[in-house]
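Residue numbers (the working numbering): 66 to 326.
Quick reminder that beta carbons are idealized off the backbone N, C-alpha and C, glycines included.
I have placed the structure first, in the form of structure tokens, so that the comments after it can refer back to it.
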């Protein structure tokens, strides 16, 4: 138990390094990167959004954070989750729903698809020595994706691995399912077409459409758990390719790509 707490503390509240890395290893580092990115576009986000991000950053990196975590890790983590929901709510409710807001949500849903995919891969992927069938463990999978109550409303108390896979992978209405996330990715990419030239935009939009269609037309009746594991791996690979295409198109493009021939 002491080891688990120590590792959790390392993943959550370890002080951010003086040199921020592109790939954060702890929540504190991820928040430091997010705060720095938000600072650079401060004129594009609202005061409410900026304040909510700062409050979340201070909760995790402030001098009282280690003691608060040590006193009650579960309470501390629940408060972080609540703050994350409040941040997204502030952005949705106060930012103009234009280019900046769409790119914010594009990042949200792309990351969500990847995180849920990794969760399903760990729990149900080909690398497991035996199937995950413990009732409490299955409930934990749903809780980690904020999906326990929505799942129970749809399937009642029948918690089965195959139904969890169907729900978190293919449900079109649950906002944390991979299918829902990929549909929103395609939607926001299509809406950003007016901000860039059509040729430069075609690559990411094509990848997003293919990913969305793969999940829209997937059928759990034709997939066993092993087949779903292969689908998850494919989805994660395509999410990574889409992430790189978006970065190359909107962030790291060269001037030659934007100048007329």
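- With fewer than 16 other Cβ atoms inside 10 Å of its own Cβ, residue 312 counts as exposed.
- In the displayed model, residue 270 falls within a helix according to three-state DSSP.
- In the assembly as shown, residue 259 is an exposed residue. Its beta-carbon has fewer than 16 other beta-carbons within 10 Å.
- Judged by DSSP secondary structure, residue 285 falls outside any alpha helix (DSSP H); it is assigned neither H nor E.
- A residue is called buried once 16 or more other Cβ atoms fall within 10 Å of its Cβ, and residue 297 is buried on that count.
- Taking 7 Å as the cut-off, the beta carbon of residue 152 is found no closer than this to the beta carbon of residue 107.
- Counting along the chain, the unbroken alpha helix (DSSP H) around residue 125 starts and ends at 112-126.
- Assignment of residue 211 by DSSP, reduced to helix, strand and coil, places it in the coil class.
- One thing to note: residue 125 has its Cβ within 7 Å of the Cβ of residue 92.
- Taking the Cβ atoms as the reference, residue 121 lies roughly 16 Å from residue 157, outside the contact range of under 8 Å.
- Of the other Cβ atoms in all chains shown, 16 or more fall within 10 Å of the Cβ of residue 242; this residue is therefore buried.
- Between residue 181 and residue 210, the gap from beta carbon to beta carbon is short of 7 Å.
- Residue burial annotation: residue 221 is exposed, with fewer than 16 other C-beta atoms found within 10 angstroms of its C-beta.
- Excluding sequence positions up to five before and after residue 234, its CB lies within less than 6 Å of the CB of 243, all in the same chain and listed in chain order.
- Rounded to whole angstroms, residue 280 and residue 250 show a C-alpha spacing of 13 Å.
- Classified as exposed, residue 128 has fewer than 16 neighbouring CB atoms from the shown chains inside 10 Å of its CB.
- The Cβ-Cβ distance between residue 114 and residue 155 falls below 7 Å.
- Contact check for residue 273 and residue 307: beta-carbon distance about 6 Å, within the 8 Å limit, so the pair qualifies.
- In this structure, the beta-carbon distance from residue 294 to residue 212 does not fall below 7 Å.
- The DSSP-derived three-state label of residue 175 is helix.
- For the pair residue 305 and residue 246, the CB atoms are not nearer than the 7 Å cut-off.
- DSSP places residue 131 in the uninterrupted alpha helix (DSSP H) bounded by 130-136.
- Bounds of the alpha helix (DSSP H) holding residue 229 are 226-235.
- The C-alpha of residue 236 lies about 15 Å from the C-alpha of residue 300.
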